[in-house]
Structure formats: structure tokens, C-alpha cells
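Shown next, in C-alpha cells, is the structure this report addresses.
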Amino acid sequence: MLDEAVRALREWQHDDTPFQLHPGDLGWYRRVGAKAADEAVRTWRGDGRIVAVGLLDGADLLRLTVAPDARADGELALRLANDICAPDRGVLPSGTVYVESPRGTRFQELMFERGWQSDVPWTPLRRDLAAPVPDPGVWIDVIGHDHADVHAAVIRASFEKSTFTEERWHAMAVGSPYADARSLVALDRGVAVAAITVWSAGTGRPGLIEPMGVHRDHRGKGFGTAITLAGAAALRELGSSSAVVCTPSSNAGAVATYRAAGFTALPEVFDQRRD
């Protein structure tokens, strides 16, 4: 299921469309293992093809997008809304739940009409990769299976509730999406201080940053900007047209880091919430 959804999502990535679910999101989720990742993916079909993809990112959040040519499709929007709003359909449970819905679609409009509300804002950011990316100014290592523990340790030290481990890095890296991904770490005098994974969706398409983190003991020294530049450069080498990322608007430090790395903020996006 995951691999088929990834193939569809790759085709849907364009620089002129709003920020949406990316094949790299599914690739990052693959860290929980093949079976769990497959079970978290939802697809909807029409005319013999996938027309919508959802990722159940935890028990109460569905990250959803639709094919570009189906964004205004009222019949598909109704199918999606009926499936997602009914707990017995097995997509989302009863109670307070969230949907990351694609902005400007008939589906999003229909969910608002059904009483769903906007949740907290997120800021998508994009950096064009037509021109070479500046040197990050620090030593960068490309991480393979033999140094997965280094990358995982930095990510764990970057996020308070992170459960990322060396084993989860390996589970992520053996998934099909990782064939077009890179994991990097920034080193300061031999010490790993920041880490990033970037995901290509193919030549001429936007690539995704997921995740990027700076070790809690090494913040405030520009390492976030440095590793982000390194990640953008890696995406350019992979043929990506741009680098994209989305972070909570409340995380002013992250927004500032991406801006310092040459990213431009796009219009805010909101999950939809049903209380």
C-alpha cells in the first residue's frame, strides 16, 4: 500500500501547487516498520487510479491530499468527507480528531460546512534550487547504515519527545522512498551537532525536509542554517526543483532558521479539527 501511494504522491508534486502531503512524509513514517506504515496509509480510487492519499499520523490525525486534477471534484470530496466523518468507516475515531486537508479544495470547503474548525497555523517554506546553494561552512557527513546511530542520536537530542533510534533509522532507510533520500549530519570539531533527512520526489519536483534538528547542547551557533543549506544542496544534486518544509508557526526559531537558509514563507496552512 505504501509503495503504491508513494508513486501517486510523486506525480502530484509541483511547485505551483499548495503545500501538500509528500512521498517523503510516508518515507519518514516508514521508520515505524513496514507493516505499521502500510496500515497507516489510506487510499481512495476513481477511474482505475488513486485519486486521494491519506496518512494516519497517530490515532487522531489524518494527513490527506488529492490528485491535482481532482481538487475541485465534488463527488470525491463527498466520498472523502463521508468516510472521514463516520467513525465506523475506520479512518478516524470518534472524539476530537484532526485532518491536514489540502488548501483550496472542495473537500476542505465541505469539511468546514460540516462544522470542522481551523486548528493552529503552520508555516510552509520553500527554497528555489535553480541556482547552486551556498556552502554551509561546516563539515557535513552523509549517513549510511554504518553510522545510523549518529544521526538518530542527534535527532533524539533535538526533539523533546523523540523516539527515533538507530533501529528506526534502518527501518526508514530500507523503505522504497529512501532510494531518493539523504541523511546528513553537521560536525563541529568532530562532534555531531545537527542532522537532517531530505526526500526527493523526482527530477523537476519539490523535495521535502523531514526532519531537521539541532542538538540541544549546540543551539544558537548557526548549525540549523548550516545543515538546512546542506540538505537543500543534496536535494539539488538529486534533481529537485525546490526544497520545501512545514513547521508550526509558533516555532519562531525554526521559521527564522529556514529563512536564514534562503527559504521563503508561503501562506499559512491549518489542520481542520472536529471537537
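In UniProt numbering, the protein residues as written are 1 to 275. We treat Cβ as the ideally placed atom computed from N, Cα and C, and that holds for glycine.
Residue pairing for Met212: DSSP places it in a beta bridge opposite Ile196. Between Gly207 and Ala243, the C-beta spacing is below 8 Å. Look at Arg49 here: in three-state DSSP terms it is strand.
According to the DSSP assignment, Gln272 belongs to the beta strand (DSSP E) that extends over Val269 to Arg274.
Measuring C-alpha to C-alpha distances from Asp38 to each of Tyr29, Ala181 and Arg45 identifies Tyr29 as the nearest. The Cβ-Cβ distance between Leu55 and Ala77 does not fall below 8 Å.
For Tyr29, the enclosing alpha helix (DSSP H) stretches over residues Pro23 to Tyr29.
The count of Cβ pairs closer than 8 Å, one atom from the stretch 207 to 222 and one from the stretch 106 to 120, stays below three, leaving the stretches out of contact. Residues Ala232, Leu235, Arg236, Ser240, Ser241, Ser242 and Ala243 of the same chain have their beta carbon placed closer than 7 Å to that of Leu129, with the five preceding and five following residues left out of the count. Nearest to Ala252 by alpha-carbon distance, out of Pro121, Arg71, Leu229 and Ala40, is Pro121.
Note that the stretch 150 to 157 touches the stretch 193 to 210; at least 3 beta-carbon pairs, one per stretch, sit closer than 8 Å.
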